[in-house]
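K.L.:
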Amino acid sequence: MEAGTSPVQRAPRPRDGEALELEVTALAQGGRGVARTAGGFVVFVAGAIPGDRVRVRVTKSKRSYAEGSAIAILTASGDRIADRCVHGGEPCPGAAWQGMPYEMQLAAKAEQVVDALRRIGKLENFAVEPPVAAIAPWRYRNKLEYSFGVGEDGLRLGFHARGRWDEVIDVDDCLLASEENNQARNQIRDWARGGGLPAYDRAAGGGFLRNLIVREGVRTGQIQTRLVTSPASFERPPVDLHTVVEPESGSTEGPTGALGLEYLEEQLGDLRFRISPFAFFQTNTEMAERLYEVAHEYADLGGNERVFDLYCGIGTIGLSMAERAGEVWGLETNEAAVIDAEHNARLNAISTANFRSADARLGIRALLDEAGKPDLVVIDPPRSGLSQKVVRRVLECEARRIVYVSCNPTTLAPNAAQLCEAGYTLRRVRALDMFPQTPHIESVAEFVR
Ligand SMILES: C[S@@+](CC[C@H](N)C(=O)[O-])C[C@H]1O[C@@H](n2cnc3c(N)ncnc32)[C@H](O)[C@@H]1O
Numbered sequence: 481m482e483a484g485t486s487p488v489q490r491a492p493r494p495r496d497g498e499a500l501e502l503e504v505t506a507l508a509q510g511g512r513g514v515a516r517t518a519g520g521f522v523v524f525v526a527g528a529i530p531g532d533r534v535r536v537r538v539t540k541s542k543r544s545y546a547e548g549s550a551i552a553i554l555t556a557s558g559d560r561i562a563d564r565c566v567h568g569g570e571p572c573p574g575a576a577w578q579g580m581p582y583e584m585q586l587a588a589k590a591e592q593v594v595d596a597l598r599r600i601g602k603l604e605n606f607a608v609e610p611p612v613a614a615i616a617p618w619r620y621r622n623k624l625e626y627s628f629g630v631g632e633d634g635l636r637l638g639f640h641a642r643g644r645w646d647e648v649i650d651v652d653d654c655l656l657a658s659e660e661n662n663q664a665r666n667q668i669r670d671w672a673r674g675g676g677l678p679a680y681d682r683a684a685g686g687g688f689l690r691n692l693i694v695r696e697g698v699r700t701g702q703i704q705t706r707l708v709t710s711p712a713s714f715e716r717p718p719v720d721l722h723t724v725v726e727p728e729s730g731s732t733e734g735p736t737g738a739l740g741l742e743y744l745e746e747q748l749g750d751l752r753f754r755i756s757p758f759a760f761f762q763t764n765t766e767m768a769e770r771l772y773e774v775a776h777e778y779a780d781l782g783g784n785e786r787v788f789d790l791y792c793g794i795g796t797i798g799l800s801m802a803e804r805a806g807e808v809w810g811l812e813t814n815e816a817a818v819i820d821a822e823h824n825a826r827l828n829a830i831s832t833a834n835f836r837s838a839d840a841r842l843g844i845r846a847l848l849d850e851a852g853k854p855d856l857v858v859i860d861p862p863r864s865g866l867s868q869k870v871v872r873r874v875l876e877c878e879a880r881r882i883v884y885v886s887c888n889p890t891t892l893a894p895n896a897a898q899l900c901e902a903g904y905t906l907r908r909v910r911a912l913d914m915f916p917q918t919p920h921i922e923s924v925a926e927f928v929r
């Protein structure tokens, strides 16, 4: 047969549920290990790091790749370190990268940002600034959500085992949370056990305790606990825990009846912020300050600029830029967060900031009509990034500079490509580690035109 005419050999595809022994050679976007079967078929493996030889259970098999979970580590990577956050013998599901030394985690995150911009965004000529390492590798989260469940030992309060909605592992000390957060959770569990209160049973439909969210003002020492339950009546939880009961909710965003602290307060730099229960707040307080410092540096404000803070939440970025700008206009879909942002402007005696509640798709044009064209647009969207339509609205702003704060490099990259196609230049990008021990990546990118 002539060279180049042989039929393409497709690597045999593994079946759902099949167990394989594989060597993990790299990390994929999103944090899973990358391995190949003997025939070359790509398998993304949860719970494994480069250098591990693992037994993998295939959970999903697609045409061009499969997904699976490591069910046993046959030979550990030479880089592996012992898991520190372990619950009932299982590694903490919230700390999927804890087996990697911290420097390796940070390097992988920085690399994934650049890889996404190059491979997905097809962008080349931009400066890559060194990643900002986390200040605290553990106990950095100011918010954790726990689930109630039942085990042979009775009521449990902790995390769902990886990939198991029906199994909760009890948590006594999660090293991602502060000691105060752990104490609050344990007190609530003691209270529920003491009162014989049952966990909601999804399969049988009985019981009522569903979730617990513990949120903390790290700088103010305030703790807010939110209990999510099915309809039920029960004794008030311990008085020193500020508790909100959401009687009708299967989600964490149902109606609330406040029994305790309604708003949480937190301090970032010189500014004080009020946070409503369902408003977004960066989950790592100390690193939020670093993040905003990088955003400020990239914003390069001179004192007179008009700044649009899109996806502004409770106004943190815009308010912390207000001192160095002429005026700030924040846009945010969550009305409670906008009310917080307005309150926060007053709390910090800032009179040059305005906040509007709208979906970015519709709100940007209204903001342009009301405020006029901005000099700087700051964008901090959720993980899904900007839709094509929102990118078009951002382009209509004709700002000289755009500072894009991203929690997902795989959505930053296509948005960056769209901005660059329309005439912007990606000047520089910097990764920050807001979430050590996890694959989550934050980054800030500066675009100019
Ligand atoms: C990653 S948070 C950033 C918040 C804020 N910049 C901060 O640092 O705390 C994203 C915010 O976008 C808001 N949001 C989500 N979808 C939106 C939309 N379509 N239009 C406007 N805001 C939206 C969310 O409510 C959330 O407050």
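So in the numbering used here, the last one in the sequence shown is 929, and the numbering has no gaps at all. Beta carbons are placed, not taken as given, at the ideal position from N, Cα and C, and that holds for glycine.
From what residue to what residue does the alpha helix (DSSP H) around residue 582 run?
P.N.:
582–595
K.L.:
Per the DSSP calculation, residue 884 is bridged to which residue(s)?
P.N.:
859, 925
K.L.:
Expressed to the nearest angstrom, what Euclidean distance is found between the alpha-carbon atoms of residue 681 and residue 688?
P.N.:
8 Å
K.L.:
Do residue 817 and residue 593 have their C-beta atoms within less than 9 Å of each other?
P.N.:
no
K.L.:
What does the alpha-carbon distance come out to for the pair residue 652 and residue 619?
P.N.:
Each residue's alpha carbon lies about 14 Å from the other.
K.L.:
Could you tell me if the beta carbon of residue 789 falls within a distance shorter than 8 Å of some heavy atom in ligand 1?
P.N.:
yes
K.L.:
Any heavy atom of ligand 1 closer than 8 Å to the CB of residue 630?
P.N.:
no
K.L.:
In this structure, how does DSSP classify residue 800 when only helix, strand and coil are distinguished?
P.N.:
helix
K.L.:
Verify whether the separation of the beta carbon atoms of residue 504 and residue 908 is less than 9 Å.
P.N.:
Cβ atoms of residue 504 and residue 908: not closer than 9 Å.
K.L.:
Taking the DSSP output, what are the residues bridged to residue 930?
P.N.:
The question about residue 930 has no answer, for the chain in this structure spans 481 to 929.
K.L.:
Is the segment 633–640 touching the segment 663–674 in the sense that three or more CB pairs, one from each, lie closer than 8 Å?
P.N.:
yes
K.L.:
Would you kindly work out how many angstroms separate the C-alpha atoms of residue 502 and residue 522, rounded to a whole number?
P.N.:
10 Å
K.L.:
To the nearest angstrom, how far is it from the Cα of residue 554 to the Cα of residue 533?
P.N.:
5 Å
K.L.:
When burial is assigned at 16 or more other CB atoms within 10 Å of the CB, is residue 918 buried or exposed?
P.N.:
With a 10 Å radius around the Cβ and a threshold of 16 neighbouring Cβ atoms, residue 918 comes out buried.
K.L.:
Taking one C-beta from the segment 878–895 and one from the segment 851–861 each time, how about it: are there three or more such pairs within less than 8 Å?
P.N.:
Segments in contact, yes.
K.L.:
So within the segment 514–541, which uninterrupted beta strand (DSSP E) runs reach at least 3 residues, ignoring any that extend past its ends?
P.N.:
Counting whole runs of 3 or more residues, the segment 514–541 contains the beta strand (DSSP E) stretches 522–526, 533–541.
K.L.:
What are the residues that DSSP puts in a beta bridge with residue 746?
P.N.:
Answer is 753.
K.L.:
Do three or more CB pairs link the segment 565–585 to the segment 514–531 at distances below 8 Å?
P.N.:
yes
K.L.:
Leaving out five residues before and five after residue 776 in sequence, what residues of the same chain have Cβ atoms less than 8 Å from its Cβ?
P.N.:
800, 801, 804
K.L.:
Rounded to a whole number of angstroms, what is the C-alpha to C-alpha distance between residue 664 and residue 655?
P.N.:
One C-alpha to the other measures close to 14 Å.
K.L.:
Would you say the beta carbon of residue 846 comes nearer than 8 Å to a heavy atom of ligand 1?
P.N.:
no
K.L.:
What number of angstroms, rounded off, separates the C-alpha of residue 914 from the C-alpha of residue 647?
P.N.:
28 Å
K.L.:
Would you report the Cα separation of residue 591 and residue 613, rounded to the nearest angstrom?
P.N.:
14 Å
K.L.:
Taking 8 Å as the line, does the beta carbon of residue 862 fall inside it for any heavy atom of ligand 1?
P.N.:
yes
K.L.:
Between the Cα of residue 854 and those of 701, 807, 824, spot the shortest distance and give me the residue it belongs to.
P.N.:
807
K.L.:
So residue 661 and residue 694 are in contact, right, with Cβ under 8 Å, and what is the actual spacing, rounded?
P.N.:
5 Å
K.L.:
Looking at the secondary structure, which residues open and close the alpha helix (DSSP H) in which residue 770 lies?
P.N.:
Residue 770: member of the alpha helix (DSSP H) spanning 765–779, first to last residue.
K.L.:
Which two residues bound the contiguous beta strand (DSSP E) that contains residue 692?
P.N.:
689–697
K.L.:
Indicate the three-state DSSP secondary structure (helix, strand or coil) for residue 843 in the structure shown.
P.N.:
In the displayed model, residue 843 falls within a helix according to three-state DSSP.
K.L.:
Between the Cα of residue 699 and those of 746, 821, 686, spot the shortest distance and give me the residue it belongs to.
P.N.:
746
K.L.:
With residue 807 as the anchor, note down where its beta strand (DSSP E) starts and where it stops.
P.N.:
807–812
K.L.:
Identify the continuous alpha helix (DSSP H) that holds residue 890 and give its terminal residues.
P.N.:
889–901
K.L.:
Pull up the distance between the alpha-carbon of residue 900 and that of residue 906, whole angstroms please.
P.N.:
Each residue's Cα considered, the two are about 7 Å apart.
K.L.:
Please name the residue, chosen from 536, 510, 531, 516, that lies closest to residue 558 on a Cα-to-Cα basis.
P.N.:
Relative to the Cα of residue 558, the nearest Cα in the group 536, 510, 531, 516 belongs to 531.
K.L.:
Helix, strand or coil for residue 820, going by three-state DSSP, please let me know.
P.N.:
helix
K.L.:
Once you ignore the five residues that flank residue 507 on each side, which residues in its own chain have a CB closer than 8 Å to its CB?
P.N.:
513, 514, 529, 530, 588, 592, 919
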